[in-house]
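In terms of numbering that gives the first Met the number 0, the sequence shown is residues 0 to 430. The beta-carbon is built from N, C-alpha and C at its ideal position, and this holds for glycine as well. A short write-up of the structure that comes next.
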Amino acid sequence: MPEKDIQDRQDIEQLIRAFYSKLTQDEVVSHFFTEVVAIDWEAHFPIMFDFWESVLFHRPTYRRNAMQVHVNLHAKAPLHPEHFERWLSLFEETVDGYFSGEIAHNAKTRARSIATMMQVKLANPGEAAASVSKPGSDNGRLQIIDALSKCKTFERFSPEELKAIASLSRLVHFEAGKDVFSMEHEEEYLFVVHSGRLSLYRQNNKRKELQPGDLFGEMGIFTDQGRLGKIHCVQASSLVAIHKSGIVDSGRLPEGLQLKLVSALTRQVIGYLHEGSLMPTADLIALGETERSEFKAVISKPSKEAIVRSAAAFMNHKGGTILVGVDDTGRILGLSMDNQEVDKFKRDLLNLLKGRLGAGRATLIEFDAERIGGKLLIRIDVDSAQSPVVYTVLTADAKEKEEFIVRTGSMNTQLKKKKEIIDYVLDRFKR
Numbered sequence: 000m001p002e003k004d005i006q007d008r009q010d011i012e013q014l015i016r017a018f019y020s021k022l023t024q025d026e027v028v029s030h031f032f033t034e035v036v037a038i039d040w041e042a043h044f045p046i047m048f049d050f051w052e053s054v055l056f057h058r059p060t061y062r063r064n065a066m067q068v069h070v071n072l073h074a075k076a077p078l079h080p081e082h083f084e085r086w087l088s089l090f091e092e093t094v095d096g097y098f099s100g101e102i103a104h105n106a107k108t109r110a111r112s113i114a115t116m117m118q119v120k121l122a123n124p125g126e127a128a129a130s131v132s133k134p135g136s137d138n139g140r141l142q143i144i145d146a147l148s149k150c151k152t153f154e155r156f157s158p159e160e161l162k163a164i165a166s167l168s169r170l171v172h173f174e175a176g177k178d179v180f181s182m183e184h185e186e187e188y189l190f191v192v193h194s195g196r197l198s199l200y201r202q203n204n205k206r207k208e209l210q211p212g213d214l215f216g217e218m219g220i221f222t223d224q225g226r227l228g229k230i231h232c233v234q235a236s237s238l239v240a241i242h243k244s245g246i247v248d249s250g251r252l253p254e255g256l257q258l259k260l261v262s263a264l265t266r267q268v269i270g271y272l273h274e275g276s277l278m279p280t281a282d283l284i285a286l287g288e289t290e291r292s293e294f295k296a297v298i299s300k301p302s303k304e305a306i307v308r309s310a311a312a313f314m315n316h317k318g319g320t321i322l323v324g325v326d327d328t329g330r331i332l333g334l335s336m337d338n339q340e341v342d343k344f345k346r347d348l349l350n351l352l353k354g355r356l357g358a359g360r361a362t363l364i365e366f367d368a369e370r371i372g373g374k375l376l377i378r379i380d381v382d383s384a385q386s387p388v389v390y391t392v393l394t395a396d397a398k399e400k401e402e403f404i405v406r407t408g409s410m411n412t413q414l415k416k417k418k419e420i421i422d423y424v425l426d427r428f429k430r
């Protein structure tokens, strides 16, 4: 049995090439790939690599409509349950032949969900992932304005301005369990939550809850980098959806209102770009050490203490990210560790952090192991704390010593004077 789990895009490429080799030789499904459609495999493979990278690692690399591709194929040659079952069995067989572990298991689980969803959609072509009201219709207009008025981004917009934006908006209803950014939802929209509850799964698998009044999707309006993650409906949810064209195309809104809207959304995007926990690791490294990022070259007992000190500083500041396996110049050194050693490092660091900062602070950090250029790094995302964090150590005479550490620029700074600490705490943690 293979011992390696799926770890990166290179592993995905190996898996997908092997899988399609089986598909094109299989007597049940090969005709779809050799007779029904003519496929340029070298052009098609990168698309599939993007798709599975998005599915398994929540990276927004896939920007197409996979459902429509299969609708078109189904129109040429009907896809039946036995075809999906064979596709799935070959996929599972290929995964098991190359990989084992949590992500490999997740790949098989997601494949079964995809196969099931495809069958349901093709059997019921009129069913959609979301029901959508027509833009500009009276249906839901008051609900749209109500949702916009509760959104912080629109707090300085007048009622007339909100009405103008509402005229370009749709009220979209998603069932519980549906993904908002999914295969069948390709177009680029800005969303405001009207009702329900959703979860944002970020690229580093970190989750954020979205409630009525929250806004998301602005990254897709202004950048070519796609979404920052996947949005999943925890409860049945209603969203205000504003298509990109209504925001950026001239003539859709009065010029002054368009400028005001674009400015408001741009400020939010800039805020995200400064929030390190949302940035890809390669981008963080390119920026160098900042007030929101710290690099550690190696793992040792002193470096673990330094990591916990940095975590305390980030918690007392605005949060941040610690990258282990990168030196302070931004050179990627990598770590020579297997999965068991990575897990042990996480456990040891968590235990040290609990002892130094308090057990409750462990909930403020997230670990992720990833490879860049074939080199293993450990990424530690640290959330900001809601109350002051004290770093506690034992002195030579076994007495506890408390330190209050903050982030100043790219450095950790210990505040020693009581007035400095009081002033900082009152300013940083004021309600």
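Backbone CA spacing between residue i and residue j [nearest angstrom]
i           : j           : result
residue 33  : residue 113 : 23 Å
residue 35  : residue 373 : 38 Å
residue 278 : residue 71  : 36 Å
residue 412 : residue 149 : 39 Å
residue 143 : residue 191 : 9 Å
residue 424 : residue 345 : 30 Å
residue 210 : residue 233 : 11 Å
residue 431 : residue 303 : The shown model of the chain, from 0 to 430, leaves out residue 431, and the question about it has no answer.
residue 426 : residue 296 : 33 Å
residue 308 : residue 301 : 11 Å
residue 8   : residue 20  : 18 Å
residue 188 : residue 220 : 7 Å
residue 339 : residue 102 : 15 Å
residue 24  : residue 74  : 23 Å
residue 47  : residue 366 : 27 Å
Cβ-based burial, residue i [other Cβ within 10 Å; buried from 16]
i           : result
residue 1   : exposed
residue 318 : buried
residue 39  : exposed
residue 216 : buried
residue 406 : buried
residue 299 : exposed
residue 135 : The pLDDT assigned to residue 135 is 46, lower than 50, so where the model puts this residue is not dependable; a value taken from the coordinates is nonetheless given after this. Exposed is the call here.
residue 155 : exposed
residue 157 : exposed
residue 262 : exposed
residue 384 : buried
residue 410 : exposed
residue 237 : buried
residue 195 : buried
Beta-carbon proximity list for residue i, same chain, < 8 Å, skipping 5 on both sides
i           : result
residue 251 : 167, 244, 245 and 257
residue 13  : 97
Host beta strand (DSSP E) of residue i (start-end)
i           : result
residue 431 : Residue numbering for the chain in the displayed model covers 0 to 430; residue 431 lies beyond these limits and cannot be assessed.
residue 367 : 364-371
residue 402 : 399-407
Where the alpha helix (DSSP H) through residue i begins and ends
i           : result
residue 82  : 80-97
residue 352 : 338-356
Same chain, Cβ closer than 6 Å to residue i, neighbours up to 5 away in sequence not counted
i           : result
residue 176 : none
residue 439 : A query on residue 439 cannot be resolved here, the shown segment of the chain reaching from 0 to 430 and no further.
Same chain, Cβ closer than 7 Å to residue i, neighbours up to 5 away in sequence not counted
i           : result
residue 105 : 55
residue 399 : 391 and 393
residue 165 : 140, 143, 144 and 147
Test: residue i CB closer than 8 Å to a CB of chain C
i           : result
residue 172 : In the structure shown, chain C does not exist; there is a single protein chain.
Q. Touching or not, the region 82-97 and the region 49-58, by the rule of three or more beta carbon pairs under 8 Å?
A. Here the region 82-97 makes no contact with the region 49-58; the two share fewer than three CB pairs at distances below 8 Å.
Q.
Within 8 Å, do at least three Cβ pairs link the region 317-336 to the region 370-388?
A. They touch, by the three-pair rule.
Q | Inter-stretch contact (C-beta, 8 Å, three-pair minimum) for the region 278-288 and the region 340-355 | A | no
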